[in-house]
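Inspection log for the structure reproduced underneath, given as structure tokens.
In the numbering used here, the protein residues as written are 44 to 318.
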């Protein structure tokens, strides 16, 4: 039985999304998804990107109501940015709510937000694209080694504003850093997501890219989830099927379902849409 999942969606609890939890759930259910995870941002120092426990509690009540009405399982999570100098605050937040899944993120390199065009382009301009890739992956490695998260988001999101299909940074230029990320994940028991948002970006493909995926497979990294990283109802579930295809091409044969931060693996076929 096919039970597709989308484990990375953002509601308008934070200012980057225009979709309510209900709109996301209705859109995903209409597209045949069995499970979704609402993973709003928690970024210290950015109040408009910082979901609160009170908001999460309200989401819990709504998720229960909508789940029964729409026939979809709605998990509650968060996408939490890692800051080495604020670990006690991050841990306090993670301990304050009974999450289903916690996604770790490293959106900042040298104080610049690399998932936003101005910050990413300024970083590349100042230190060069290769060094920007390397530093961004070192930030991911530090977050992974903390062991605080269940999976890490969009490992190579630095590609978002610095690559096109015709102009890619050669993987060998940052393969050493990618390998250290893979080792950090494996040693810490932290998984990663295949983030399908990249299919609509200039990169034209998922995060992480194909060579990075193959490396992660060779190092035995898991568990693995897939997510659309949708910020609108229209994008809920977008390109999940293409992300699964990328996983299969890299040799993966399973994905994880989460509940109360515990992963259960299931064959990749259970997550595919019937074609």
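Built from N, CA and C at the ideal position, the CB exists for glycine as well.
Remember, predicted model here, so these are calculated numbers, not experimental data.
Spatial distance of residue i from residue j (CA atoms)
| i | j | result |
| --- | --- | --- |
| residue 304 | residue 267 | 13 Å |
| residue 115 | residue 107 | 10 Å |
| residue 217 | residue 259 | 14 Å |
| residue 325 | residue 99 | Absent from the model: residue 325. The displayed extent of the chain is 44 to 318, so no value can be given. |
| residue 205 | residue 272 | 19 Å |
| residue 105 | residue 97 | 13 Å |
| residue 290 | residue 144 | 20 Å |
| residue 241 | residue 69 | 23 Å |
| residue 170 | residue 77 | 44 Å |
| residue 134 | residue 214 | 34 Å |
DSSP three-state assignment for residue i, whether helix, strand or coil
| i | result |
| --- | --- |
| residue 206 | coil |
| residue 102 | helix |
| residue 71 | helix |
| residue 170 | helix |
| residue 309 | strand |
| residue 96 | helix |
| residue 219 | helix |
| residue 270 | strand |
| residue 61 | coil |
Cβ-based burial, residue i [other Cβ within 10 Å; buried from 16]
| i | result |
| --- | --- |
| residue 91 | exposed |
| residue 210 | exposed |
| residue 234 | buried |
| residue 261 | exposed |
| residue 207 | exposed |
| residue 203 | buried |
| residue 184 | buried |
| residue 54 | buried |
| residue 120 | buried |
Residues that residue i bridges to, as DSSP identifies them
| i | result |
| --- | --- |
| residue 123 | 85, 147 |
| residue 224 | Answer is none; residue 224 lacks a bridge partner. |
| residue 49 | 79 |
| residue 156 | 151 |
| residue 195 | 147, 235 |
beta-carbon residue i near the ligand MN non-hydrogen atom, thresh 7 Å
| i | result |
| --- | --- |
| residue 124 | The ligand MN is not part of the structure shown, which contains no ligands of any sort. |
Quiz item: Within the chosen definition, does the stretch 230-241 reach the stretch 180-192 through at least 3 CB pairs nearer than 8 Å?
Solution: yes
Self-check item: Segment contact flag, the stretch 283-297 with the stretch 240-250, C-beta cutoff 8 Å, min 3 pairs
Solution: yes
Quiz item: Are the stretch 127-135 and the stretch 48-61 in contact at 8 Å, needing three or more beta carbon pairs?
Solution: no
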